[in-house]
Amino acid sequence: VPQAQLLGYAEVATSFDNTTQPYYDSANTSAIFTVVSELTIQLSNQESYRGEPVWFNGTLLDDRGQPVPELALNLFWTDGYLTNFESDAEGNFSVACDAAWSCADPAHPLGPVEVRLDFGGFGWYLPAERVATWTVWGRALVTIDEFAPVVIAGSNVTYFGNVVDDLGQSLDRTLQVRWNDITRTTVDAVNGEFAGSFALEAFAPVGNFTLTLASDDQNWLRGSSDTATVTVQRYTVLELEWGPALRNISTAVQGSLLDSSGAGLEGELVSYSFDGTAVGEALTGADGALQFELPVPATTELGMHTLSASFTGSYFYLPSSIEVQGAVVAATILDVSPQQLQRAASFSLEALLRDDTGLPLAGEAVNLSLAGQLHLLQTGPDGRVTFTHEQLPAIWPLGPLDAIWSYAGREWYLPSETVQELVVVAPTTLQLLVAEAVLAGQSYSVAGNIEDDLGQPLINAEVILFAGGFHLATVQSDTAGSFSWEWAVPLEQVPGPLQLSAQYPGAGYRLAGNASQQVSTYHTTSLLLEPASGVLNYTANVTGRVIDGAGRGVEGLVVTVALDDGTSSTVISTANGQFAAGLLPSFALGVGEHN
């Protein structure tokens, strides 16, 4: 029968044509056949839940797989008749279980159920039946009634609850306890009730975690679960290292903020107080390191004080605080100044002991270590301490010498020590050995000697000689400390007082020295007379000039001009050494040349 054959009655005719068989008569006949189709009822096996809506959905198909519309079907549930219905125009059907039917029984027995659809045949469609096996499930309902919403790492997570079926009947079940979907343990529900706990490790991570109690499918009761959110926190620990702290400056404070696992907490705000007064705040750094500067005012009393720090906590970390005792102390300073000491001479050393605010410390024991000897001293009312030595030993070598002042401290005053830089030097003595008169144009010996404070001659010491402030020469002393210089006194040397000096500029740790002596500079003089003539018994003018060895006129010299007969005149030379004297030759002198 062709797939395209219409359903219903079909005439089937047959004929015999005697063309090939002339000895037989031709014959024809026909019969009515009925073309029908088998019917397929599509209804899948499925699951339903007791007390929940049940739908019977399916499709009617003919033998060609085409939907068959508007055919009546009978519905049976566990051999019990439920209803009769027709497929729609597209061969589909959808029937809801009526509340009065057995399939809607809220206390329906659990397990497999036979669902049967029956078609008795109609028209050109043959009878058909579809039997499907459905499973009716109940539900095991898990409820967490109580739990610990916040748990500290290292403590227990606790929970309480019940398990009932969908009819409210208590169940005995073994439940899985899951922590963030990872099974940690199990707990037994007895008569529908369960209670349990499990321990969190001390190093358990902080955060919000999901606690799940779940049951498996059992006895046609579908398992279920209930969840709760548990916040895991950690204890925190503050650590501080402080003291002693110096007054009048800021002191570094170190510490850390750790959680209960020992891990450092970074970026958390920590407040700190000094003797109960809030001072400031600091953020923790890497690995929870805590560092801040604590200012200690100058007015702070010396002694023990309290430094406290507190962490107010955060969402995952609990608050913590700490108090530590520490001493506030004062630094001490020994003020000294560098000093020169002359060998074989008395000297005195001084130091000032003061605290960090500049106040002197009176009546304190101060030690002085000098040249290997320890001297026990005490400060005066003004904080000063003085050491006097009558004479520096001559055996002390020249050069640097350290005086070490030390203070051992007392109560809240810290020790201090300072080095006073001393230099041991030796004065030098020079002596000039010169004649009192210096004659211009002649050789003049400038001599002398040089020795130290112990009377020892200085060998190869450079001595600078000066005459009237002008450098004469630089000479060296011999092995006896003597020096000398032959000075060719120039004719240009100004007559009169002359200051001779010898200077030693000092070398190494020997001090400079000098010696001076005043001498007189003399010049030889010459008188130059010009020829003169005169008349007896008349005044004749005689002129001339007074010059020194350099040919320079000499001013202010008294010059007497006299004739052979004793006639004379006294005058004073002028600025250029010239003079003019008037003589009155008497008649007794006579004419002619006279001296």
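393 is the number that UniProt numbering gives to position 393 of the sequence shown; each next residue is one higher, with no gaps.
Ideal Cβ positions, reconstructed from N, Cα and C, are used throughout, including at glycine.
Item: Let me know the secondary structure DSSP gives residue 145 once reduced to three states.; Value: strand
Item: Count the other C-beta atoms from every protein chain shown that fall within 10 angstroms of the C-beta of residue 115, then say buried if there are 16 or more, exposed otherwise.; Value: buried
Item: Rounded to whole angstroms, how far is the Cβ of residue 601 from the Cβ of residue 504, which I believe are closer than 8 Å?; Value: The structure shown does not extend to residue 601, since the chain is modelled only from 1 to 595, so the question has no answer here.
Item: If you follow the beta strand (DSSP E) that residue 443 is part of, which residue opens it and which one closes it?; Value: 443-452
Item: How should residue 10 be labelled, buried or exposed, when 16 other C-beta atoms within 10 angstroms of its C-beta is the threshold for buried?; Value: exposed
Item: Out of curiosity, what's the CA-to-CA distance linking residue 570 and residue 592?; Value: 23 Å
Item: Please confirm if the region 421-429 is in contact with the region 322-341, defined as three or more CB-CB distances below 8 Å between the two stretches.; Value: yes
Item: Leaving aside the five residues before and after residue 408 along the sequence, list all residues of the same chain whose C-beta is less than 8 Å from its C-beta, in chain order.; Value: 365, 367, 415
Item: Label residue 77 either buried or exposed according to how many other C-beta atoms from any shown protein chain fall within 10 Å of its C-beta, with 16 as the threshold for buried.; Value: buried
Item: Starting from the Cα of residue 66, find the closest Cα among 577, 354, 439, 37 and give me that residue.; Value: 37
Item: Among 285, 240, 265, which one has its Cα closest to the Cα of residue 273?; Value: 240
Item: Can you list, in chain order, the residues of its chain with a C-beta nearer than 8 Å to that of residue 606? Leave out the 5 residues immediately preceding and following it.; Value: With the chain covering 1 to 595 only, the question about residue 606 has no answer from this structure.
Item: Assign residue 598 to one of two classes, buried (16 or more other C-beta atoms within 10 Å of its C-beta) or exposed (fewer than that).; Value: This structure cannot speak to residue 598, because the chain is shown only from 1 to 595.
Item: Going by DSSP, what residue range makes up the beta strand (DSSP E) through residue 88?; Value: Segment: none, residue 88 is in no beta strand (DSSP E) and carries neither H nor E.
Item: So who's on the other strand from residue 208, going by DSSP bridges?; Value: 231
Item: Count the other CB atoms, across all protein chains shown, that sit within 10 Å of the CB of residue 54; report buried if there are 16 or more and exposed otherwise.; Value: buried
Item: Along the chain, which unbroken stretches of the beta strand (DSSP E) at least 3 residues long are found entirely within the region 530-590?; Value: 540-548, 558-562, 568-572, 578-583
Item: Would you call residue 215 buried or exposed, if buried means 16 or more other Cβ atoms sit within 10 Å of its Cβ?; Value: buried
Item: Quick one: Cα of residue 501 to Cα of residue 363, how far?; Value: 52 Å
Item: Just to confirm the assignment, what range does the beta strand (DSSP E) spanning residue 216 have?; Value: It is not in any beta strand (DSSP E) - residue 216 carries neither H nor E in the DSSP assignment.
Item: Look at the Cβ atom of residue 235, then the Cβ atom of residue 330, and state whether they are nearer than 7 Å.; Value: no
Item: Suppose contacts are defined by Cβ-Cβ distances below 7 Å. Is residue 596 in contact with residue 187 by that definition?; Value: One cannot answer for residue 596 here, as it falls past the ends of the chain, which runs 1 to 595.
Item: For residue 58, which beta-bridge partners are listed by DSSP?; Value: 93
Item: What does DSSP give as the partner residues of residue 320 in its beta bridges?; Value: 311
Item: Residue 134: which of 321, 298, 48, 318 sits nearest, CA to CA?; Value: 48
Item: By the three-class DSSP mapping on this structure, what secondary structure does residue 288 have?; Value: helix
Item: Assuming residue 324 contacts residue 249 (C-beta within less than 8 Å), just tell me the rounded distance between them.; Value: So it is not a contact: roughly 19 Å between Cβ atoms.
Item: For residue 119, is the classification buried or exposed, using 16 other Cβ atoms within 10 angstroms of its Cβ as the cut-off for buried?; Value: buried
Item: From residue 225 to residue 161, what does the alpha carbon distance come to, in whole angstroms?; Value: 11 Å
Item: By a C-beta neighbour count over all protein chains shown, 10 Å radius and 16 as the cutoff for buried, is residue 585 buried or exposed?; Value: buried
Item: Please check the pair residue 153 and residue 260, which I expect to be a contact at CB under 8 Å, by giving their CB distance rounded to whole angstroms.; Value: 6 Å
Item: Could you say if the region 385-400 and the region 436-448 meet the contact criterion of at least three C-beta pairs nearer than 8 Å?; Value: no
Item: Under 8 Å: do the region 520-534 and the region 543-553 share three or more Cβ pairs, one atom per stretch?; Value: yes
Item: If you drop the 5 nearest sequence neighbours on each side, which residues of the same chain put their C-beta closer than 6 Å to that of residue 304?; Value: 325, 327
Item: What number of angstroms, rounded off, separates the C-alpha of residue 166 from the C-alpha of residue 51?; Value: 8 Å
Item: Could you please give the first and the last residue of the uninterrupted beta strand (DSSP E) stretch that includes residue 478?; Value: Neither: residue 478 is in no beta strand (DSSP E) and is coded neither H nor E.
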